Amino acid sequence: MTAPILKPLPLCLLAVALWGLIGLAGLLRPRSHRLAGALYPLGAACALLLAAAAARALALPLAPERAVLPVGLPDLPVHLRLDALAAGFLVLLGAAAAGISVFAAGYFGPHAPPGAASGAARAPQGTPPGLLCLQYHLFLASMALVFLADDAYAFMLAWEVMALSSYFLVTAEHGSASIRAAGFLYLLMAHVGALSILLAFGVMQGGTWRFTFDAMRGAHLAAWPASVAFLLALAGFGAKAGLVPLHVWLPEAHPAAPSPVSALMSGVMLKTAVYGMLRVSFDLLQASTWWWGLVPLTLGLLSALYGVVFAAVQTDMKRLLAWSSIENIGIIFTALGLALVFRGAGLPAAAALALVALLYHCLNHACMKSLVFLGTGAVLHATGERSLARLGGLIHRMPQVAWLTLVGALALAGLPPLNGFVSEWLLLQSFLFAHSVPHTFVNMLLPLGAGLIALAAALAAYVMVKFFGVVFLGRPRDAVAAQAHEAGPAERLGLAWLAALCLVLGVLPSAVIGVLDLIVHQLAGVALQGSQSRWWLLAPVPGRAASYSAVVMLAALAGVTLLTVLATRTAARPVRRARAWACGGTEPTARMQDTAEGFGQPIRHLFSDFFSITVEAPGPSDREPRYRVHVADRLWERLYLPAGSAVQRAADRLAFLQQGRIAAYLLYSFLTLVMLLALVL
Amino acid sequence: MSAFDIATQLTQTVAALLLAPLFTGFMNQCRAWLQNRRAPALLVPAWNLRKLFARQPVVATGASPLFRAAPYAVFGAMVAAAAIIPILGTGLPFGTAADAIALIGLFATARVFVCLAAMDIGTAFGTLGARREMMLGFLAEPALLMIVFVASLISSSTGLPAITENLATRTLGLYPSLAFTAVAFTMVTLAENARIPIDNPATHLELTMVHEAMLLEYSGRHLALMEWAAALKLFNFACIGIALFAPWGLATAGSGPLALIASVPVLLVKLAAVAAGLSLIEALSAKLRVFRAPEFLAAAFLLAVLGLLVRVLLGA
Amino acid sequence: MSAMPFDLQLADLCAALLLLLSFAMLTQRRIVSLVNFLALQGLLLAVATLLMAERTGQSHLYVSALLTLVLKALFLPWLLRRLIDRLQVYWDSETLLNVPAMLLAGVLIVVFAFGLAQPISALASTATRSSIGIAVAVVLLSFFSMIMRRKAMSQVVGFLSMENGLFFGAMSATYGMPMMVELGVALDVLVAVLVLGVFFFQIREQFDSLDLHHLESLRERNATGPGPGPEPGEDG
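Structure below.
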């Protein structure tokens, strides 16, 4: 038998501990970029170790491993468990973090690229690189512990460390007031969510007052407490995931953070919330009422549409990607809702398919979104610009970064044969089971949901064309874009790793689904049965002739394209270069192409009810005419500002308690003591 | 996968390549007859392609490799789509590689590449056309998906050959859900292929162009490939419509070469009818303002949803 | 698909076209087109009644079909067109919601109606009981369009369309109402249209327009609306 140290759970814990050590090593010389730059590749190696260990756990058909650490509360030590669900998400964390850490070695590292404007990593009032290294690796370690936790205390501890370390990472450039405000909003929403999750755990212990997950699995709750726990968990995890209407922190925090951190947050941290939701609804709350699925389904559809519509009108490239993350989280929660509806309606095979679509989309999003965020990081590092109004034409200056980011953008647009298409295909196939659901309104409204998902997916293609076209194609709109340089080797390696992952996930879906099937088997109790998939063909639904083969499609596309190239270029005339035609007008300048606002104008026009738009238009007597359009979130004005002022008013009412006299405070303590004595004795 | 199936696949793909310019030519002829003009010859689009292939392509100095690769990628995507649709027969080996949803994805890929290449040069018209084309695309895709949904509900499959075989063997009758879906599909065809009432394929005013504006910078063999791809797209849509709503006469898997040969004149008759119908609709409509196009496509989506609901309720 | 008898297929087609027409009437702004759609609805109802008569052999349904054809497809639309010509109101103003939103709301109403009608269909005993959902949908859609419209004429058309939907529902559920009830309802509708026609002239004289928001100025408290009106505070 294998030595105990080589079992998967100790290996995972070893990787986590090594991350902690690497972080602490950064404190030896806090201000040294060189040391920090050397530590990040070590972190990437640990991430690969973690991914390999978790993959091994998935491959071995053993019972879930457990461990109890001698730390924690006196009667509740830290329980850890490595089952299929945790292993799947650990693989996600390890694979994505490997690429991101390699990129971070170049981004936070020592080289000073000539001619670059002050990169985002070097603001004079920012966090020193060694401290940043500590926070980064603490962030990674805490996320791994969230996946491994097997009792409520360990879970909340890891959750809090994750929130705090990411707060410090978001406010890495705390010299800027807007970044501090974004960090504060993030921290606030994270704690509101954590409170809700804590309350959910409190309800789920079901009277046993024991907070291990095993106790919660055994406590069979009645219908109403279970529903309350489910909704509380949805609110808490939804706030962390960025589900509308609890999403306002995402478009602020993700752009404010340095790009590797944004990639980590968008790619992996949002998935911890999905993991939490899966753990609660499928593992801890065993019975499921049929209507539970409708809540995440509607919220997911709303988030998908809301996110992508807002993404299309952004003028800052990182905000655009942040809103796109909200859209993808919406799609993931739609799949979750669908799985719950099917499970409640007694269709386990359909639920299994929806869960496979969910897990696949989590994997895909981690790779695609991280890839694109890292691409923007490279652009930011080279030009110092985040605004789409000053970029353009970067495909000529940074070709490798551009082509690698193109892979990520096409994957986010959901185009075959890349990976984004596979998870959408699986989701749409699971929507086709809607007519078997016995409830009358639900089985008629679900196909409408499929139409909305298709709309969100097509809008995502719009957003990606805007993003890639404005940043990388066309002509440079500003001098900084015209003088950009190619990214460093570490950055390109990180991008290439993630692009390779996207390609593999897109071209070999059957292999991936074979692995995801194990996780689904644990969650829903039934695997995809009767699937006729081969390694090159995906046909997961028996009895329905629905199949997709990315390998064949890629081969066909490549083959036809190659044949066409050969057929048309043999004995053909060579290409001649000349000025752009532009209908015979004057030489096109950079100002004649679309701006980001211009490209988003059809969306602003069609979906004007979602936005609150303020327009600054020039008057006839303006000496310096300006045209500005500000697009703001209507939910901020309608929901958050009133809520904030209500809290403020309530706080003002209670201010009378703060008398300022010592006698009053002593009286409060006395009254509390009396009350407690009366209650206890 | 017999030799007959491979023969069907190859014959069908070659037939699509050859018939696509002829289909466009016949539509131009019908339109000319309806407008009381003398019609051009049927082979004019084919002669245009031949002329363009012989010319030297001129590429703008600011163009990246993406611009030069785009025509080949788009053409490849359209040919791959033609290989999946049951044009002459339903025993297609490629049919298992991609179902109807993947077909919609292929069209989306082609559209994205055309738009990216249009943004590459950085002219005002290219980016304007890209913006409008993506807008029409995101409105047409849900409608197309709903149409595919109705077809798959009726035949419990999403693979086009399976859907076609199922619909071809049904008893002849009036299916209101299919009728609504057929009207929706016609509307989506007009929108996706830049026909009136969404876009005028014969316009010369750049500010009114959607599809043509993205082709302004191409010349020589690049333009030939893009034009051929556009003709193939229209042909593909016509064949999808025929396969879904008038699927009789196709050579089913396993029937002999005689059935394959017999399916060709049937296809030609159906294509002629489709061309005449589309030209009639074009002649009777006026081009809509750009921001009325979403209402048009919303009506198409609505019809498809109504078809779905009628199917669920009436079972027809 | 089982081989349904041809007349039932035709009846299903009539039902589906009826639904489509009510959707078209939701967003149509040209009032003459609205009246034409109404006439088409009447024609479809007559055809459906005829098919029902053939299927069941009940003679009173033949009379009912003839009555529907004459009244709903010919006489009422002619009356309405005369009214339009005399009032010179050809175009409706914009609806309260924009077109895609109205279509989406219409779809939700149809889903609600279908869901509602399924248990009722299970209780009925006619061959066309599955069309009850369509009838309920037509009623609700016409009501919705009455709410969304501004001009009085389009609201009348919506009212008549609602009555068409009720007639269709009765026919698909119970093979038609007794003859006396039908004649009574037809007479009521006719009288209602005539009275409404008289009302329209009065409204037009008072407000110089048939836009119904002018009627909002008839309120208890002091109206801020423009135009002449009866004294606020009186029984306006």
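Residue numbers (the working numbering), protein chains in the order written: chain C, 1 to 681; chain H, 682 to 997; chain F, 998 to 1233.
C-beta: ideal position from N, C-alpha, C; glycine also.
Just so we're clear, the structure is a prediction, and the values are computed from it rather than from any experiment.
Closest to residue i by C-alpha separation, out of the options, would be which residue?
| i | options | result |
| --- | --- | --- |
| residue 908(H) | 688(H), 703(H), 691(H) | 703(H) |
| residue 709(H) | 945(H), 912(H), 924(H) | 912(H) |
| residue 934(H) | 843(H), 790(H), 694(H) | 843(H) |
| residue 550(C) | 786(H), 725(H), 696(H) | 786(H) |
| residue 106(C) | 171(C), 35(C), 186(C), 456(C) | 35(C) |
| residue 1013(F) | 1111(F), 1119(F), 1144(F) | 1111(F) |
| residue 493(C) | 371(C), 439(C), 607(C), 232(C) | 371(C) |
| residue 591(C) | 638(C), 391(C), 644(C), 555(C) | 391(C) |
| residue 100(C) | 81(C), 129(C), 42(C) | 42(C) |
| residue 859(H) | 949(H), 828(H), 964(H), 880(H) | 828(H) |
For residue i, does the count of other Cβ atoms within 10 angstroms reach 16, so buried, or fall short, so exposed?
| i | result |
| --- | --- |
| residue 847(H) | buried |
| residue 85(C) | buried |
| residue 74(C) | exposed |
| residue 1038(F) | buried |
| residue 218(C) | exposed |
| residue 352(C) | buried |
| residue 284(C) | buried |
| residue 951(H) | buried |
| residue 489(C) | exposed |
| residue 119(C) | Interpretation of residue 119(C) is limited by its pLDDT of 44, a score under 50 that renders its predicted location unreliable; no figure is taken from the coordinates. |
| residue 605(C) | exposed |
| residue 1046(F) | buried |
| residue 424(C) | buried |
| residue 475(C) | buried |
In chain order, what residues of the same chain have a beta carbon less than 8 Å from the beta carbon of residue i, not counting five sequence neighbours either side?
| i | result |
| --- | --- |
| residue 293(C) | 336, 337, 338, 339, 340, 341, 342, 343, 344 |
| residue 706(H) | 721, 722, 723, 724, 725, 726, 727 |
Excluding sequence positions up to five away, which residues of its chain have a Cβ less than 7 Å from the Cβ of residue i?
| i | result |
| --- | --- |
| residue 928(H) | 845, 848, 849 |
| residue 312(C) | 459, 462, 463, 466, 600, 603 |
| residue 897(H) | 806, 807 |
| residue 984(H) | 861, 864, 865 |
| residue 25(C) | 39 |
| residue 317(C) | 376, 386, 388, 467, 471 |
| residue 83(C) | 64, 522 |
The alpha helix (DSSP H) that contains residue i, what's its start and end?
| i | result |
| --- | --- |
| residue 1155(F) | 1149–1171 |
| residue 248(C) | Per DSSP, residue 248(C) belongs to no alpha helix (DSSP H) and is neither H nor E. |
| residue 902(H) | 901–926 |
The beta strand (DSSP E) spanning residue i covers which residue range?
| i | result |
| --- | --- |
| residue 612(C) | 611–616 |
| residue 1057(F) | Taken as a continuous stretch (DSSP letters only), residue 1057(F) belongs to no beta strand (DSSP E), being part of the alpha helix (DSSP H) at 1056–1065. |
| residue 739(H) | 739–741 |
| residue 183(C) | Element bounds for residue 183(C): not the beta strand (DSSP E) but the alpha helix (DSSP H), 177–204. |
| residue 971(H) | Residue 971(H) -> no beta strand (DSSP E), and no H or E assigned at all. |
| residue 80(C) | 77–82 |
Whose C-beta lies closer than 6 Å to the C-beta of residue i among residues of the same chain, with five residues either side of it excluded?
| i | result |
| --- | --- |
| residue 1232(F) | Unreliable positioning characterises residue 1232(F) in this predicted model, as indicated by a pLDDT of 40, which lies under 50. A coordinate reading is not provided. |
| residue 491(C) | 103, 106, 378 |
| residue 1235(F) | Outside the displayed range of chain F (998 to 1233) lies residue 1235(F), so it cannot be described from this structure. |
| residue 902(H) | 734, 738 |
| residue 818(H) | 792 |
Touch test, the region 249–256 of chain C against the region 198–209 of chain C, Cβ-Cβ under 8 Å, three pairs minimum: no
Counting beta carbon pairs with one atom in the region 432–451 of chain C and one in the region 521–528 of chain C, are three or more of them shorter than 8 Å? no
On the three-pair Cβ rule with 8 Å, is the region 188–200 of chain C touching the region 152–172 of chain C? yes
Check whether the region 911–926 of chain H and the region 757–768 of chain H touch, using three or more Cβ-Cβ pairs below 8 Å as the test. yes
For the pair the region 748–757 of chain H and the region 412–431 of chain C, tell me if three or more CB-CB distances fall below 8 Å. no
Evaluate contact between the region 162–171 of chain C and the region 255–262 of chain C, counting only Cβ atoms and requiring at least three cross-stretch pairs below 8 Å. yes
Is the region 772–780 of chain H touching the region 684–693 of chain H in the sense that three or more CB pairs, one from each, lie closer than 8 Å? yes
Pair every Cβ in the region 1179–1193 of chain F with every Cβ in the region 1139–1148 of chain F, then say whether three or more of these pairs are closer than 8 Å. no
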